[in-house]
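> Residue numbers are given in the numbering used here: position 55 of the sequence shown equals residue 939, and the series is strictly consecutive.
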Amino acid sequence: AGAAAVTNIDHSHGGWWCVEHGVPEEECAQCDKSLVAKFKEAGDWCEEHDRPESQCFICSPARVDKFVARYEAKTGHKPPKPEE
């Protein structure tokens, strides 16, 4: 039996980075629905894709660059590609 691969990817939503959506956990309105009102009140909401406009990589794939830069500044390497 082979050993399981060891990764630093945290899918538990207890880490700093939301692997599923490619943003810091504390800012992930797709995982933490309590954040939705704050984003909507700030006018930062993509109705079409049901997520903050600033985090809508579907409408504007270049938006991911800002989050990648934050991840790299904190960890020194590229983040895992968002699953969604």
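C-beta: ideal position from N, C-alpha, C; glycine also.
Based on the DSSP output, what are the partners of C902 in its beta bridges?
Here the question's residue 902 lines up with position 18 in the sequence shown. Partner(s): V907.
> Quick one, which of P936, D916 and E932 has its alpha-carbon nearest E925's?
Locating residue 925 in the sequence shown gives position 41, where the first residue counts as 1. Checked all of P936, D916 and E932; the closest Cα to E925 is P936.
> Exposed or buried, which one is E956 when buried takes at least 16 other CB atoms within 10 Å?
Residue numbering aside, residue 956 sits at position 72 when the sequence shown is read from its first letter. By the neighbour-count rule (16 or more Cβ atoms within 10 Å), E956 is not buried but exposed.
> Over what stretch of residues does the alpha helix (DSSP H) that includes F941 continue unbroken?
Position 57 of the sequence shown, counted from the first residue, corresponds to residue 941. F941 -> no alpha helix (DSSP H), and no H or E assigned at all.
> Let's test the definition: count the other Cβ atoms within 10 Å of the Cβ of C902 and tell me whether it reaches 16, buried, or not, exposed.
Sequence index remark: in the sequence shown, residue 902 carries index 18 (1-based). Buried.
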